[in-house]
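S.K.: Supplied in structure tokens, the structure appears directly below.
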Amino acid sequence: MTRDYDAIVLGLGGIGSGAAYWLAKRGVRTLGIEQFALGHARGESHDHSRIIRLSYVTAPYVRLAKEAYAAWQSVERDSGERVVFKTGGLDVGPRDGAIPLEGYADAMRSESVPFEWLDAGEIRRRWPAFAVGDDVRGLFQPDGGIVAAERATAAHQRSARAHGATLVENSPVTAIEASGGEIDVVAGGERYRTRHLLIAAGPWSNRALQHFGVKLPLEVTKEQAMYFRPRDVSKFAFGSFPVWIWMDDPSFYGFPVFGEEGAVKVTQDAGGKPVDPDTRSFEEDPDITARVSSFLSRVLPDAAGPQQLVKTCLYTLTPDRDFVIDRLADHPNVSVAIGAGHAFKFASVIGRVLGELAVDGATRSPIADFTIDRPILEMEAPPKTYMV
Ligand SMILES: Cc1cc2nc3c(=O)[nH]c(=O)nc-3n(C[C@H](O)[C@H](O)[C@H](O)COP(=O)(O)OP(=O)(O)OC[C@H]3O[C@@H](n4cnc5c(N)ncnc54)[C@H](O)[C@@H]3O)c2cc1C
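Every number in my numbering is 249 more than the matching position in the sequence shown, counting from 1.
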């Protein structure tokens with residue numbers, strides 16, 4: 250028996266759950282298919298927290314970030330669940346760091362986003378946990394904060410179902426057949442038919458795209474989030490301590506106390522090794538641990554207490570670190586999103602945009618930079634720029 254839907258979402262991590270929510274909310278008969286249990290920890294979207302911020306390196310990202318906050322507000326209203334927690338955001342690093350702050354300041358200024366330049370003395374005065382030298386400076390943006398990742402994905406899924414979506418779990422999509430305007434999807438022993446397919450497969454993106462003869466130069470890496478028990482936890486309280494990003498190579502970022510009692514989360518950005526998402530381990534990477542620990546001892550020594558917990562998680566990196574949000578040229582009824590290791594904050598708005606691309610064929614959101622056929626994605630061995 251074939252079951253018919255107006256839209257099928259392949260993958261119910263952060264982005265796919267957002268797509269299912271927005272499609273169902275606008276009355277589209279939607280099926281979401283997930284290969285593992287909903288809320289699983291094998292992909293990119295688990296754990297308590299992700300940074301959300303308006304501070305981004307280009308104006309279109311800043312505009313999309315504004316839309317991201319608005320999208321989460323809709324989710325909060327619909328689900329009755331708070332998912333965004335503002336605590337302020339600090340981009341901080343050496344004046345000659347690998348990720349120049351000027352571009353961020355310019356992009357925010359062009360979009361009328363308020364922010365402050367802070368010198369090292371002011372950073373130390375506001376947040377005494379930062380043991381930064383005088384060569385360091387920062388950009389502070391008060392809307393920066395946390396999206397409660399697992400909670401937000403669960404809220405998307407709950408609200409999608411409340412709006413009529415069907416979500417199935419433990420059902421890997423094993424075959425996709427497109428002919429004419431129809432697409433057949435086989436998953437978990439069932440055959441489904443749809444006119445619109447949305448692919449939000451994270452680390453398994455190329456596997457899903459191969460059904461359409463598309464292969465992108467993606468790198469899947471195993472990253473890790475580490476929780477430390479600060480010596481003086483009062484210096485890291487949510488509401489007074491910001492989310493922060495160290496804008497150098499290597500780049501690190503971290504959170505105030507949130508999710509795990511008495512512990513702060515710190516991670517290295519794009520510090521992990523390439524893995525296969527099916528055979529990867531869940532073991533701690535001692536090289537990342539060493540880099541994070543040494544950074545903390547130097548820059549945030551009060552946070553460098555006992556290590557409480559490590560969680561591994563995958564990134565799906567495009568070579569330029571920009572997203573893919575587009576329709577397939579040869580199959581315009583198939584749309585795809587790839588988050589490039591920084592998309593959770595945008596999960597809801599990207600989900601909405603994917604739905605618009607699928608159903609309306611267009612979106613007003615600023616995604617022109619995220620085409621699937623941009624030159625760097627057509628190269629077999631493209632140069633990689635992960636520090637942005
Ligand atoms: C340690 C870490 C820290 C991060 N920090 C931040 C941050 O601070 N801020 C931020 O914005 N972003 C951050 N990110 C990035 C962000 O979490 C990801 O970009 C985002 O979660 C990607 O979501 P996704 O839906 O694309 O992928 P996923 O959550 O992996 O979802 C893809 C889903 O598709 C399913 N799937 C794949 N193939 C199939 C198939 N054939 N059949 C059925 N289901 C299938 C998978 O099982 C999976 O559930 C971080 C990521 C990590 C790992």
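Don't be surprised by glycine CBs; every beta carbon is placed ideally from N, CA and C. Since the structure is predicted, the reported quantities are computational estimates derived from the model, not experimental observations.
Could you name the residues that DSSP lists as bridge partners for Q556?
M.R.: Taking the sequence shown and counting its residues from 1, the one referred to as residue 556 is at position 307. Paired residues: F477.
S.K.: Counting only the same chain and skipping the five closest in sequence on each side, list residues whose C-beta sits under 7 angstroms from that of R478.
M.R.: Working through the sequence shown from its first residue, we reach residue 478 at position 229. Sequence-distant partners of R478 (beyond 5 residues in either direction) whose C-beta falls short of 7 angstroms from its own C-beta, in its chain, are G511, A512, G554, P555, Q557.
S.K.: Please state whether the Cβ-Cβ distance between V332 and R407 is less than 8 angstroms.
M.R.: Position 83 of the sequence shown, counting from 1, holds the residue named residue 332. Position 158 of the sequence shown, counting from 1, holds the residue named residue 407. For V332 and R407, no; Cβs fall outside 8 angstroms.
S.K.: For S584, report the span of its beta strand (DSSP E) as first-last.
M.R.: Here residue 584 refers to the residue found at position 335 when the sequence shown is read from its first residue. Per DSSP, S584 belongs to the beta strand (DSSP E) from 580-587.
S.K.: Determine, using beta carbons only, whether I432 and L446 come nearer to each other than 8 angstroms.
M.R.: Numbered from its first residue, the sequence shown carries residue 432 at position 183. Numbered from its first residue, the sequence shown carries residue 446 at position 197. A contact, by the Cβ cut-off of 8 angstroms.
S.K.: Taking 7 angstroms as the cut-off, is the CB of E472 close to at least one heavy atom of ligand 1?
M.R.: On the sequence shown, position 223 is the one that residue 472 refers to. E472: yes, Cβ under 7 angstroms from ligand 1.
S.K.: Is the segment 587-605 close to the segment 262-277, with three or more CB pairs under 8 angstroms?
M.R.: yes
S.K.: Using the C-alpha atoms, what's the distance from E472 back to L563?
M.R.: What you label residue 563 is simply residue 314 of the sequence shown in a count that begins at 1. What you label residue 472 is simply residue 223 of the sequence shown in a count that begins at 1. L563 and E472: Cα-Cα distance of roughly 6 angstroms.
S.K.: Does the beta-carbon distance from L287 to D392 come in below 8 angstroms?
M.R.: Locating residue 287 in the sequence shown gives position 38, counting from the first residue. Locating residue 392 in the sequence shown gives position 143, counting from the first residue. Result no, Cβ atoms of L287 and D392 do not sit closer than 8 angstroms.
S.K.: On the premise that L626 lies in contact with L465, defined as a C-beta separation below 8 angstroms, what is that separation, rounded to the nearest angstrom?
M.R.: As a working note, residue 465 is residue 216 in the sequence shown. As a working note, residue 626 is residue 377 in the sequence shown. For a cut-off of 8 angstroms, the C-beta gap from L465 to L626 is around 5 angstroms, short enough to register as a contact.
S.K.: Got a sec, what are the start and stop residues for the alpha helix (DSSP H) T546 sits in?
M.R.: Along the sequence shown, one-based indexing puts residue 546 at 297. Reading off the sequence, residue 546 comes out as Ser, not Thr. It spans 535-548 - the alpha helix (DSSP H) in which S546 sits, taken as one unbroken run.
S.K.: Looking at the structure shown, is T561 part of a helix, part of a strand, or coil, going by DSSP?
M.R.: Start at 1 with the first residue of the sequence shown, and residue 561 comes out as number 312. In the structure shown, T561 falls within a strand segment according to DSSP collapsed to helix, strand and coil.
S.K.: Helix, strand or coil: how does DSSP classify D551 here?
M.R.: Numbered from its first residue, the sequence shown carries residue 551 at position 302. D551: helix per DSSP, three-state reduction.
S.K.: For G292, which option in E325, A449, V422, G342 has the closest C-alpha, if you only look at C-alpha atoms?
M.R.: Walking along the sequence shown from the start, residue 292 turns up at place 43. When each option's Cα is compared against that of G292, the closest is A449.
S.K.: So which of N419, H295, V434 has the shortest CA-CA distance to I425?
M.R.: As a position in the sequence shown, residue 425 is number 176, starting the count at 1. Selected option, being the one with the closest Cα: V434.
S.K.: Smallest Cα separation from P581: which of V559, A319, G263, I621?
M.R.: Your numbering for residue 581 matches position 332 in the sequence shown. Taking only the C-alpha atoms, the option nearest P581 is I621.
S.K.: What does the alpha-carbon distance come out to for the pair M496 and W366?
M.R.: Counting from one through the sequence shown, the residue named residue 496 turns up at place 247. Counting from one through the sequence shown, the residue named residue 366 turns up at place 117. Roughly 14 angstroms between the two C-alpha positions.
S.K.: Rounded C-beta distance between F501 and D518? I'm assuming under 8 angstroms.
M.R.: Residue numbering aside, residue 501 sits at position 252 when the sequence shown is read from its first letter. Residue numbering aside, residue 518 sits at position 269 when the sequence shown is read from its first letter. So it is a contact: roughly 7 angstroms between Cβ atoms.
S.K.: By DSSP, does F461 sit in helix, in strand, or in coil?
M.R.: Translated into the one-based positions of the sequence shown, residue 461 becomes position 212. Reduced to three states, the DSSP call for F461 is helix.
S.K.: Closest to A398 by CA distance: which of I282, D296, G382, A586 is it?
M.R.: Here the question's residue 398 lines up with position 149 in the sequence shown. Comparing Cα positions, the closest option is D296.
S.K.: Relative to ligand 1, is the shortest distance from any of its heavy atoms to the C-beta of E325 smaller than 7 angstroms?
M.R.: Stepping through the sequence shown from its first residue, residue 325 is reached at position 76. No.
S.K.: Does at least one heavy atom of ligand 1 sit under 7 angstroms from the Cβ of L458?
M.R.: Start at 1 with the first residue of the sequence shown, and residue 458 comes out as number 209. False, no ligand heavy atom lies under 7 angstroms from that Cβ.
S.K.: Skipping 5 residues on each side, what residues in its chain have a beta carbon closer than 7 angstroms to that of R221?
M.R.: An answer regarding residue 221 cannot be provided, because it is not within the stretch 250 to 637 covered by the chain.
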